[in-house]
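Some notes on the structure that comes next.
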Amino acid sequence: MTLRSTHAFHAGPRRPSAPAIAFDDFLKVDIRIGTIQSAEAFPEARKPAYKLTIDFGAGVGIKKSSAQITAHYALQDLPGKRVMAVVNFPPRQIGPVKSEVLVLGFADAEGGIVLGVPDGEVPNGTRLT
1 MTLRSTHAFH AGPRRPSAPA IAFDDFLKVD IRIGTIQSAE AFPEARKPAY KLTIDFGAGV
61 GIKKSSAQIT AHYALQDLPG KRVMAVVNFP PRQIGPVKSE VLVLGFADAE GGIVLGVPDG
121 EVPNGTRLT
């Protein structure tokens with residue numbers, strides 16, 4: 001399985017692993033857990049996507065993201081759903097939306113994104129270690 005951003009290249013299960021990186025490079029990537037507060041349609045996006053508002057707790061706060069998760073998730077089901085996201089990339093302008101975090105997921109066999117989530121309760125803002 002290949003970890004994949006929700007708006008990056010297609011990476012299926014047969015794709016070889018990426019080149020090795022130093023552990024210190026991995027530590028630079030700040031991946032946190034958050035809860036989706038709201039989700040909106042994003043018809044201006046080039047690929048089907050939603051505009052998300054995500055609560056990452058007191059340390060990181062409320063952030064916006066564009067996420068290509070339309071294949072498996074309906075808008076009305078997203079509020080309250082937990083997500084993992086990279087919170088220390090610079091903001092990226094995606095059409096009229098400034099995406100402040102990169103929501104993470106896994107590509108299924110058809111290229112749809114399945115969100116990566118923890119297998120237990122952890123507070124918003126908890127960092128992946």
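Sequence positions in the sequence shown follow the UniProt record's numbering and run 1 to 129.
Beta carbons: idealized from backbone N, C-alpha and C, even for Gly.
{"query": "Given ILE31 as reference, the closest of ALA39, GLN37, VAL103, GLU110 once Cα atoms are compared", "result": "VAL103"}
{"query": "Cβ-Cβ distance between ASN124 and GLY34 below 7 Å", "result": "yes"}
{"query": "Beta-bridge pairing of VAL97 - partner residues as DSSP gives them", "result": "ILE94"}
{"query": "Nearest residue (CA-CA) to ALA39, options SER17, ASP77, GLY111", "result": "ASP77"}
{"query": "Segments assigned beta strand (DSSP E), at least 3 residues, entirely inside the stretch 10 to 61", "result": "31 to 41, 50 to 55"}
{"query": "Whole-angstrom C-beta distance between ALA71 and ILE113, which should lie under 8 Å", "result": "7 Å"}
{"query": "Contacting residues, own chain, Cβ-Cβ under 6 Å from ASN88 (five flanking each side not counted)", "result": "ASP30"}
{"query": "Nearest-angstrom beta carbon gap, ILE36 and PRO79 [assumed within contact, 8 Å]", "result": "6 Å"}
{"query": "Buried or exposed by the 16-neighbour rule on C-beta atoms within 10 Å, applied to ALA8", "result": "Because ALA8 sits at a pLDDT of 43, beneath the cut-off of 50, its placement in the model cannot be relied upon, and the following sentence gives the value as read from the coordinates. By the neighbour-count rule (16 or more Cβ atoms within 10 Å), ALA8 is not buried but exposed."}
{"query": "Proximity of LYS98 and PRO91 at Cβ, strictly below 7 Å", "result": "yes"}
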